[in-house]
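K.L.:
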Amino acid sequence: MVETSARLLRLLALLAAQPEWPGADLAERLDVTVRTLRRDVAKLRGLGYPVSSAPGVAGGYRLGAGARMPPLLLDDDEAVAVALSLRTAATQSVSGVGEASARALVKLERVLPARLRERAAAIGHATVPLAGPGPVLDAEALTTMARACRNRERLDFSYRSRAGELTARHTEPHRLVQAGYRWYLVARDTDLGDWRTFRADRIEEPRLTGMRFVPVNPPDAAAFVARAVTTAPYRYQARILLHASAQAIARQVPPSVGIVEPAGPGRCVLVSGSDSLDALALHVTALDGDYVVLEPSELAERLSVLAARLAAAFQASTAAAARTASHASIGLDPS
32 MVETSARLLR
42 LLALLAAQPE
52 WPGADLAERL
62 DVTVRTLRRD
72 VAKLRGLGYP
82 VSSAPGVAGG
92 YRLGAGARMP
102 PLLLDDDEAV
112 AVALSLRTAA
122 TQSVSGVGEA
132 SARALVKLER
142 VLPARLRERA
152 AAIGHATVPL
162 AGPGPVLDAE
172 ALTTMARACR
182 NRERLDFSYR
192 SRAGELTARH
202 TEPHRLVQAG
212 YRWYLVARDT
222 DLGDWRTFRA
232 DRIEEPRLTG
242 MRFVPVNPPD
252 AAAFVARAVT
262 TAPYRYQARI
272 LLHASAQAIA
282 RQVPPSVGIV
292 EPAGPGRCVL
302 VSGSDSLDAL
312 ALHVTALDGD
322 YVVLEPSELA
332 ERLSVLAARL
342 AAAFQASTAA
352 AARTASHASI
362 GLDPS
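If you read the sequence shown in our numbering, its first letter stands for residue 32, the second for the next number, and so on.
1. Out of Asp-169, Pro-249, Tyr-265, point me to the one whose CA is closest to Thr-202's CA.
2. Applying the criterion that 16 or more other CB atoms from any shown protein chain within 10 Å of the CB defines a buried residue, is Pro-237 buried or exposed?
3. Give a yes or no on contact between the segment 319-332 and the segment 270-281, applying the rule of three or more CB pairs nearer than 8 Å.
4. Tell me which same chain residues have a C-beta within less than 8 Å of the C-beta of Val-33, skipping the five on either side of it?
5. Of all the options Ala-110, His-156, Ala-338, Ala-259, which has the alpha carbon lying nearest to the alpha carbon of Ser-305?
6. Considering just the uninterrupted stretch of the beta strand (DSSP E) at Phe-244, what are its terminal residues?
7. CB-CB under 8 Å to Val-65, same chain, minus the five flanking residues each way: which ones, in chain order?
8. Taking Asp-319 as the reference, give the member of Met-242, Ala-275, Asp-62 with the closest Cα.
9. Got a sec, what are the start and stop residues for the alpha helix (DSSP H) Thr-174 sits in?
10. My parser needs the beta strand (DSSP E) runs of 3 or more residues fully inside the segment 244-326; what are they?
11. Mind reading off the beta-carbon distance from Phe-229 to Tyr-190? Whole number of angstroms is fine, and I expect it under 8 Å.
12. Have a look at Arg-118 and Arg-141 and give me their C-alpha separation to the nearest angstrom.
13. Check whether the Cβ atoms of Leu-143 and Ala-114 sit closer than 9 Å, and answer yes or no.
14. What residue does the alpha helix (DSSP H) around Gly-91 start on, and which one ends it?
15. Quick check: what's the CA-CA separation for Ile-280 versus Val-291?
16. Could you pull the start and end residues of the alpha helix (DSSP H) that Glu-59 belongs to?
17. Helix, strand or coil, according to DSSP, for Val-65 in the structure here?
18. May I ask you to report which of helix, strand or coil DSSP gives Asp-220?
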């Protein structure tokens, strides 16, 4: 019995490792006959694992999705990764998901071996979640958007603009993109005939229409959202040439803040936006590397004003420090 149970676990692991197995190959890997393999597959089906089979010489076995959730086989690293993911998901800003993640985490920790439970507990004890400022999303609405993207099904919804105006939108959804604490839907607005980025928390009453579509020149969703959230909404769109590698600058600039494009050996261009020239100036000056403002010209002019102000402050500070040192050397009160 122990040998049979161990063989079933190994069979299950093999079925999960690749999409489809020829019966002869699977029997050889398990060192059993094809007849024994068929009996073992029948036992897995009895336990709730949806194993499908195709007859014939070229036939094989495939582990599919069933009507109910069967037990899962996870190796040590996978189990710890799932525990960590559930703990992280419990702090996210999607309503209902946090509670469900917490329940699933409790169930998982109950069945983890002691050595893995200690690893998962150590990560949980050492990790402190930072509550984000983003709005809480409705899990059902987010699932509806995801289903529309997956099935290429037209999606209708009401969309609230930044000013609070509510409009009806008819779209062909492409992808959901998570950027920091926010979610975005990339979809083609059929009324405008163009691709748009919609903040998921501003989407109200998303409705599946049942109408399928063929995507029309879909963009790279991540890059499309990155450009939309870093430059498009702002008064000023800046392009900065930095004398540093794209990899080095990308480590300092989150995707939701700016886009980093290589511009030759040891150089890159940062594309970012803001409603404030001072905010742009301070941000780029804080980066590690010399730079040249390509656009806008207003930013270069503002940098000139700030440079003069900083130089004056440096000279005043240096003079004050010298006076303080001089007075201290002869025992006078510097005030």
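Beta carbons are placed, not taken as given, at the ideal position from N, Cα and C, and that holds for glycine.
P.N.:
Taking the geometry as given:
1. One-based indexing of the sequence shown puts residue 202 at position 171. Per the Cα distances, Pro-249.
2. Locating residue 237 in the sequence shown gives position 206, where the first residue counts as 1. Buried is the call here.
3. yes
4. On the sequence shown, residue 33 is found 2 positions in, with the first residue counted as 1. Low local confidence applies: a pLDDT of 48 at Val-33 is under 50, so the model's placement there is unreliable, with the coordinate-based value given in what follows. Excluding positions up to five away in sequence, the list is empty.
5. Numbered from its first residue, the sequence shown carries residue 305 at position 274. Residue Ala-259 is the option with its Cα nearest to Ser-305.
6. Working through the sequence shown from its first residue, we reach residue 244 at position 213. First-last for Phe-244: undefined, no H or E at that position.
7. Here residue 65 corresponds to residue number 34 of the sequence shown, with the count starting at 1. Cβ within range, chain order: Gly-54, Ala-55, Ala-58.
8. As a working note, residue 319 is residue 288 in the sequence shown. For Asp-319, the nearest C-alpha among the options comes from Ala-275.
9. Sequence index remark: in the sequence shown, residue 174 carries index 143 (1-based). Per DSSP, Thr-174 belongs to the alpha helix (DSSP H) from 170-182.
10. 267-273, 289-293, 299-305, 322-326
11. Position 198 of the sequence shown, counted from the first residue, corresponds to residue 229. Position 159 of the sequence shown, counted from the first residue, corresponds to residue 190. With a Cβ gap of about 6 Å, Phe-229 and Tyr-190 count as contacting.
12. Position 87 of the sequence shown, counted from the first residue, corresponds to residue 118. Position 110 of the sequence shown, counted from the first residue, corresponds to residue 141. Roughly 14 Å separates the two Cα atoms.
13. Locating residue 143 in the sequence shown gives position 112, where the first residue counts as 1. Locating residue 114 in the sequence shown gives position 83, where the first residue counts as 1. Going by C-beta atoms, Leu-143 is nearer than 9 Å to Ala-114.
14. Walking along the sequence shown from the start, residue 91 turns up at place 60. Where Gly-91 is concerned, there is no enclosing alpha helix (DSSP H), although the beta strand (DSSP E) it sits in stretches over 91-94.
15. To locate residue 280, count along the sequence shown from 1; it is residue 249. To locate residue 291, count along the sequence shown from 1; it is residue 260. Going by the C-alpha atoms only, they are around 7 Å apart.
16. Looking up residue 59 in the sequence shown gives position 28. Where Glu-59 is concerned, the enclosing alpha helix (DSSP H) stretches over 54-61.
17. By one-based count along the sequence shown, residue 65 stands at place 34. In this structure, Val-65 counts as helix in the three-state DSSP scheme.
18. Here residue 220 refers to the residue found at position 189 of the sequence shown. Strand, per DSSP.
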